[in-house]
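Asks: Here it is: the structure, laid out below.
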Amino acid sequence: EIPRGLPSVTWPSIDLATMERLLPAAILIVLVGFIESVSVGKSLAGARRQTIEPNRELVGLGLANAGAAFTGGYPVTGSFSRSVVNFASGANTLVSSLVTLSIVLVALLFLTPLLFHLPQAVLASIIMVAVLGLIDFGVLRRAWAFSKADGFSYLVTFVAVLGLGVVKGIVCGIIVSLVLHLWRTSRPHIAIVGRIGTSEIFRSVQRYETTTYDGLLLLRIDESLYFANAAFLEDNVLRIVAKQPDIKDVVIICTSVNVIDASALETLERLIERLRAGGVTLHLAAVKLMVYERLQRTHFLSRLSPGQVFLSTHDAVVALAGARPAPGLAG
């Protein structure tokens, strides 16, 4: 039998022992509930080319759960099934929630005896019809064609949601995405670049006809520097320099470097010393202002000296090579 009437408002029993016992589970519920709610919101908003604000969603969930705490309710999250039914019904504004609230109130007060005999298959069919309209396998095909890693993440999340449920499936998808991100960024693309013609444009010597300079190595790293890829950069720079003993200056082009963390900074300082021991000077070029300002707060720039930080790759070439191409070094 379904209880009739509204829940009573009571002050929850709070004591230190209960708080210690419930805190770990509460943290997990908050994280999973927020992830599920935002995921559902972004999915439905994307279908209508809209956006959501996760911070506002978090505030709304917090207020809703504060109310549930005084009525003995379950933790409040953005339910996927109910949200999909609401979406498929054509709801566009918060008025739909007010209508739903009114119907639920009437049902709790007067219709609970009738709901007792409602088959669960009827409720399930409503959800199934609404959910089927949101399934788009074309997204998986396009993701796989664009990036095998992204396609694999999509596939794992899809299978996990079907087999383990929405919450566990989303968590699996997040874990897989994080692992793939770490794997991808831990081995960034590093290109040896040269000048295209007489322009100030520098591109990979393996893909374009370029001009290189005697004693000068120009390296472009296409990723921010952090703990996972700092050693990879160091090893590659030392390997390339070892193959070209005539190199006197190495310029790391930082056009794609948005962040340098503390671990990467230590690695760069170690690289400076190892190159200096071999008679090679390290320089930086095209460093973004935000990154440069952070470098100024440390001792890195003094340790880089006599190496310099150039405004652009062209400035580095003019200063270090006098813009004079070495004969026979066109890439």
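Numbers 16 to 346, taken from my numbering, label the letters of the sequence shown in order.
For glycine and all other residues, C-beta sits at the position ideal for the given N, C-alpha and C.
#1: Given that a residue counts as buried once 16 or more other Cβ atoms are within 10 Å of its Cβ, and exposed if not, what is residue 288?
#2: With DSSP as the reference, label residue 8 as helix, strand or coil.
#3: Out of curiosity, what's the CA-to-CA distance linking residue 298 and residue 240?
#4: Could you tell me the alpha carbon to alpha carbon distance between residue 48 and residue 34, rounded to whole angstroms?
#5: Using DSSP with H/G/I as helix, E/B as strand and the rest coil, what is residue 340?
#6: Which of helix, strand or coil does DSSP assign to residue 208?
#7: Any contact between the region 310-319 and the region 241-254? By contact I mean 3 or more CB pairs, one from each, below 8 Å.
#8: Does the beta carbon of residue 90 come closer than 8 Å to any beta carbon on chain B?
#9: Give me whichever residues DSSP pairs with residue 325 in a beta bridge.
#10: Are residue 165 and residue 175 close, meaning C-beta to C-beta below 8 Å?
#11: Using a Cβ-Cβ cut-off of 8 Å (strictly less than) and excluding sequence neighbours within five positions of residue 203, which residues of its own chain qualify?
#12: Taking DSSP as the reference, what is the three-state secondary structure of residue 189?
#13: Where residue 325 and residue 300 are concerned, what is the direct C-alpha to C-alpha distance, given to the nearest angstrom?
#14: Beta-carbon separation of residue 290 and residue 265 under 8 Å?
#15: Below 8 Å on the Cβ atoms is my contact criterion, and I expect residue 318 with residue 284 to pass it. Report the Cβ-Cβ distance as a whole number of Å.
#16: What's the gap between the Cα of residue 218 and the Cα of residue 335?
#17: What does the Cβ neighbour count give for residue 150, buried or exposed, with the cut at 16 atoms within 10 Å?
#18: How about residue 129: is its Cβ closer than 7 Å to a heavy atom in the ligand HEM?
#19: Mind the definition here: the region 184-202 touches the region 228-235 only if three or more C-beta pairs lie below 8 Å; say whether that holds.
#20: In three-state DSSP terms, what is residue 199?
#21: In three-state terms, what does DSSP make of residue 235?
Replies: Walking through what the data contain:
#1: exposed
#2: With the chain running from 16 to 346 in the structure shown, residue 8 is simply not present.
#3: 16 Å
#4: 19 Å
#5: Note that residue 340 scores a pLDDT of 48, beneath 50, so its modelled location is shaky and nothing firm can be said.
#6: strand
#7: no
#8: Of the chains in the structure shown, none is chain B; there is only one protein chain.
#9: 300
#10: no
#11: 236, 237, 238, 244, 247 and 248
#12: helix
#13: 5 Å
#14: yes
#15: 5 Å
#16: 18 Å
#17: exposed
#18: Inclusion of the ligand HEM in the displayed structure is not the case, the ligand content being empty and no account of it being possible.
#19: no
#20: helix
#21: strand
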